[in-house]
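The next block holds one structure in the form of structure tokens; read it before the comments.
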Amino acid sequence: MYSMIMTSAAPNPLPLSKPAPREVAGFKPCPWGDRFLDYTPADNKVIEAQEKMAKELKEELKKELQSIGDKPLIEQLRLIDSIERLGVAYHFEQEIEDALRRIHETSTNTSFDDLALTSLFFRLLRQHGYRVSSDVFKEFIGSNGSLKDEVTNDVHALLSFYEACHLRLHGEGVLDEALSSTESNLIKLVSDPNPLSEALEERVKHALHKPLNKRLVRVESVRYMQVYEEDDPLHNEALLKFAKLDFNLLQVLHKQELSEMCRWWKKVNMTKKMELRDRMVESYFWGSAVYYEPQFSLARKCNVPGCQILTTLDDLYDAYGTLEELHTFTDAVDKWDKSCLDQLPGDLRWTYQTLILDAHEEMERDFAPKGGSRYVYYAREELKALCHSYLTEAKWRHEKYIPTLDEYMEFVHRNMAYVPAVVYSFLGMDMATEAEFKWVSSLPKPIKSLCVLLRILNDIGGNMLVENREHPCLILECYKKQYGLSHEGACKRLIEEVDELWKDLNEAMMQPTEIPMPLVKCILNLARAVEAIYDAGEDGFTTVNRPMKDNIRSLYIDPILI
Numbered sequence: 000m001y002s003m004i005m006t007s008a009a010p011n012p013l014p015l016s017k018p019a020p021r022e023v024a025g026f027k028p029c030p031w032g033d034r035f036l037d038y039t040p041a042d043n044k045v046i047e048a049q050e051k052m053a054k055e056l057k058e059e060l061k062k063e064l065q066s067i068g069d070k071p072l073i074e075q076l077r078l079i080d081s082i083e084r085l086g087v088a089y090h091f092e093q094e095i096e097d098a099l100r101r102i103h104e105t106s107t108n109t110s111f112d113d114l115a116l117t118s119l120f121f122r123l124l125r126q127h128g129y130r131v132s133s134d135v136f137k138e139f140i141g142s143n144g145s146l147k148d149e150v151t152n153d154v155h156a157l158l159s160f161y162e163a164c165h166l167r168l169h170g171e172g173v174l175d176e177a178l179s180s181t182e183s184n185l186i187k188l189v190s191d192p193n194p195l196s197e198a199l200e201e202r203v204k205h206a207l208h209k210p211l212n213k214r215l216v217r218v219e220s221v222r223y224m225q226v227y228e229e230d231d232p233l234h235n236e237a238l239l240k241f242a243k244l245d246f247n248l249l250q251v252l253h254k255q256e257l258s259e260m261c262r263w264w265k266k267v268n269m270t271k272k273m274e275l276r277d278r279m280v281e282s283y284f285w286g287s288a289v290y291y292e293p294q295f296s297l298a299r300k301c302n303v304p305g306c307q308i309l310t311t312l313d314d315l316y317d318a319y320g321t322l323e324e325l326h327t328f329t330d331a332v333d334k335w336d337k338s339c340l341d342q343l344p345g346d347l348r349w350t351y352q353t354l355i356l357d358a359h360e361e362m363e364r365d366f367a368p369k370g371g372s373r374y375v376y377y378a379r380e381e382l383k384a385l386c387h388s389y390l391t392e393a394k395w396r397h398e399k400y401i402p403t404l405d406e407y408m409e410f411v412h413r414n415m416a417y418v419p420a421v422v423y424s425f426l427g428m429d430m431a432t433e434a435e436f437k438w439v440s441s442l443p444k445p446i447k448s449l450c451v452l453l454r455i456l457n458d459i460g461g462n463m464l465v466e467n468r469e470h471p472c473l474i475l476e477c478y479k480k481q482y483g484l485s486h487e488g489a490c491k492r493l494i495e496e497v498d499e500l501w502k503d504l505n506e507a508m509m510q511p512t513e514i515p516m517p518l519v520k521c522i523l524n525l526a527r528a529v530e531a532i533y534d535a536g537e538d539g540f541t542t543v544n545r546p547m548k549d550n551i552r553s554l555y556i557d558p559i560l561i
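Residues 0 to 561 in numbering that gives the first Met the number 0 are what the sequence shown lists, from first letter to last.
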């Protein structure tokens, strides 16, 4: 991804005869400085010793998984759940699938009398696309739709059920009602004057803040290692040690990739030419959230710069370019030809040369050996559509026009960078064929839901950032205008809509899937990345707030102590 861009000559600047008046966005500088530019390779002997130990532990765990059917069901489910939450399931995909297929075939019609077991059974199978009926919970739910009294004081069971309910689908009203009452019970338990243990209280608060289904595996694994080690007296020592070793070994690869991408971004020098968000490190977090596994290293070298390209275009249309410049730039993107360079002012000319033309030519070269270069066409076409929608939004802003909600919802799917982001993500996936790229471009329901989810959380999280600029957060403004709502009322309505969008995404995971399951998981991980970045109603990508900094430190700076 980097070779051509790092060596290409800068186009001759074509300055405007008079500096264009520009809105001041006031983006904060990169908080990391040059920290990630230089990569110091780890000691080879240390790495080799860790790899050897990890290989031995992996074989031990693989044998345990292959004979897992001899264990009681609860132990089978707990082991699989721990492997997944520790972030090492990619090593045992076939063994886990075989085990869950057998469990589904032999236990689906079994009646359980343990809510925690039932909930774990339901959640794990739903996570893997098995359409387990919500009727498995009927023994625990009373006639009023709430959980029966005999289970409401069992915190572990309530917590397990709470997590399971977030895998619900449309039409499962019984789980909607039960989730609401369970959430209330959990809030009551953590507020009770007879407190829970400190560890259990922290687990409940963590889940109430954001359920497991909306969390990124790699981020969650860091926290779960400590929980698994300290709070689970039955934890598997071999599994825990393997997870720690694997995390550190993979972190070495991630540091190397991040260093390469930061050097590319510094060479591009875009933020010195224009007022843009300098967020290469955060783009790596966003892009690697889609797939962190080592086999997708080449994919990240396309996907992560793709995130930074999309960020640059967002800032160009949203904050930097004048309306006249944006018309010219959009026309140039449509034509996708070097002859358009002469039409552009110097700063936009450099953007067009490096991030539009050169970057996508390099992607074509990167994927040519695997026959994937022709699919870069779909990224180009989605960028064209995105630029047109950004231009429409810029016109609305210039005219102070607020569309109706229906008008905006027809427009929003092409207005979100997540359609080209999905294409960038698929480019590195061997199972993605012409059919999958055409599927994305047709805007099926999962893609539309993903885009609306991003729009809602982005608008709520970014509202305070633009309050002093001529830039309404459109979906919020549309809701306020159409329904006569206050700002708080519109936010509440939109947060409720987020739950419905997650049901769409859960439905996309159910077998048989429309596209291969690994590609569906890319879409879900993009949704989880949105949840992480816009956590608690803040735009962590733009502001690089404390949660974002903590995530980056834990993933790319601090190794796990073994």
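We put the CB at the ideal spot given by N, CA and C, even for glycine.
8 Å contact criterion, which residue i and residue j should meet: CB distance rounded
{"i": "Lys383", "j": "Val332", "result": "6 Å"}
{"i": "Val154", "j": "Leu188", "result": "6 Å"}
{"i": "Leu449", "j": "Ala528", "result": "About 10 Å; that fails the 8 Å criterion."}
{"i": "Lys502", "j": "His169", "result": "5 Å"}
{"i": "Thr541", "j": "Phe35", "result": "Actually they are not in contact, since the Cβ atoms of Thr541 and Phe35 sit about 19 Å apart, beyond 8 Å."}
{"i": "Val422", "j": "Tyr377", "result": "5 Å"}
{"i": "Ser159", "j": "Leu114", "result": "7 Å"}
{"i": "Ile455", "j": "Gly536", "result": "The Cβ separation is near 11 Å, so there is no contact."}
{"i": "Val451", "j": "Leu518", "result": "Going by Cβ atoms, the distance from Val451 to Leu518 rounds to 20 Å, so no, they are not a contact pair."}
{"i": "Arg214", "j": "Gly86", "result": "Actually they do not touch by this definition, with Cβ atoms about 11 Å apart."}
{"i": "Leu475", "j": "His486", "result": "7 Å"}
{"i": "Glu599", "j": "Ala206", "result": "A query on residue 599 cannot be resolved here, the shown segment of the chain reaching from 0 to 561 and no further."}
{"i": "Asn550", "j": "Ala531", "result": "7 Å"}
Member of the options whose CA lies at the smallest distance from the CA of residue i
{"i": "His397", "options": "Glu47, Asp317 and Leu343", "result": "Asp317"}
{"i": "Thr107", "options": "Phe120, Glu409, Pro443 and Asp97", "result": "Phe120"}
{"i": "Pro344", "options": "Thr151, Gly128, Thr327 and Glu360", "result": "Thr327"}
{"i": "Leu493", "options": "Glu506, Leu504, Lys479 and Asn505", "result": "Lys479"}
{"i": "Met516", "options": "Lys51, Tyr129 and Leu211", "result": "Tyr129"}
{"i": "Lys243", "options": "Lys437, Lys57 and Pro232", "result": "Lys57"}
{"i": "Glu229", "options": "Val411, Asn212, Glu256 and Leu199", "result": "Leu199"}
{"i": "Ser553", "options": "Tyr533, Glu219, Tyr389 and Gly286", "result": "Glu219"}
{"i": "Met563", "options": "Lys334, Trp285, Leu523 and Pro232", "result": "In this structure the chain extends from 0 to 561, so residue 563 is not present and cannot be described."}
{"i": "Gln65", "options": "Thr151, Glu96 and Tyr161", "result": "Glu96"}
{"i": "Gly483", "options": "Thr403, Glu50, Gly539 and Gly172", "result": "Thr403"}
{"i": "Val418", "options": "Lys44, Asn302 and Cys490", "result": "Asn302"}
{"i": "Met415", "options": "Thr512, Lys61, Arg217 and Asp313", "result": "Asp313"}
{"i": "Ser441", "options": "Glu380, Cys477, Cys490 and Ala393", "result": "Glu380"}
{"i": "Ala98", "options": "Val131, Val439, Glu495 and Gly68", "result": "Gly68"}
{"i": "Lys520", "options": "His127, Leu275 and Ser81", "result": "His127"}
{"i": "Asp175", "options": "Asp498, Glu256 and Leu233", "result": "Asp498"}
{"i": "Val221", "options": "Leu233, Ile82 and Asn268", "result": "Ile82"}
{"i": "Thr432", "options": "Leu238, Glu63 and Lys369", "result": "Lys369"}
{"i": "Glu94", "options": "Gln49, Leu60 and Asp148", "result": "Leu60"}
Under the three-state DSSP convention, the category residue i falls into
{"i": "Trp31", "result": "coil"}
{"i": "Pro344", "result": "coil"}
{"i": "Glu74", "result": "helix"}
{"i": "Gly25", "result": "coil"}
{"i": "Ser441", "result": "coil"}
{"i": "Tyr290", "result": "coil"}
{"i": "Trp559", "result": "Trp is not the amino acid found at residue 559; the sequence shown has Ile there. Coil."}
{"i": "Ile514", "result": "coil"}
{"i": "Ser66", "result": "coil"}
{"i": "Val567", "result": "No statement about residue 567 is possible, as the shown extent of the chain runs from 0 to 561 and does not include it."}
{"i": "His169", "result": "coil"}
{"i": "Val543", "result": "coil"}
{"i": "Ser485", "result": "coil"}
{"i": "Asp365", "result": "helix"}
{"i": "Asn467", "result": "Since pLDDT at Asn467 reaches only 48, below the 50 mark, its modelled position is unreliable, and no value is offered."}
{"i": "Arg454", "result": "helix"}
{"i": "Asn524", "result": "helix"}
{"i": "Tyr400", "result": "coil"}
{"i": "Asn302", "result": "helix"}
{"i": "Glu537", "result": "coil"}
{"i": "Asn505", "result": "helix"}
(Q) If we require 4 or more residues per run, which alpha helix (DSSP H) segments fall completely within the segment 93 to 151? (A) 114 to 126
Q. Per the contact definition of three or more C-beta pairs closer than 8 Å, is the segment 289 to 299 in contact with the segment 320 to 340?
A. no
**Q.** Stretch-stretch touch, CB-based, cutoff 8 Å, three pairs: the segment 111 to 128 with the segment 69 to 89
**A.** yes
Q: Give, in chain order, every unbroken run of the alpha helix (DSSP H) that is at least 4 residues long and sits entirely within the segment 181 to 258.
A: 197 to 208 and 216 to 230
(Q) Across the segment 179 to 186 and the segment 131 to 139, are there enough close Cβ pairs to call them in contact, namely three or more that are closer than 8 Å? (A) no
Q: Determine contact between the segment 297 to 310 and the segment 427 to 434, defined as no fewer than three beta-carbon pairs at a distance below 8 Å.
A: yes
Q: Evaluate contact between the segment 544 to 560 and the segment 232 to 249, counting only Cβ atoms and requiring at least three cross-stretch pairs below 8 Å.
A: yes
Q.
Using 8 Å as the cut-off, can you tell me whether the segment 252 to 264 makes contact with the segment 303 to 313, which would need three or more C-beta pairs spanning the two stretches below that distance?
A. yes
Q) Is the number of C-beta pairs between the segment 207 to 224 and the segment 169 to 179 that are closer than 8 Å three or more? A) no
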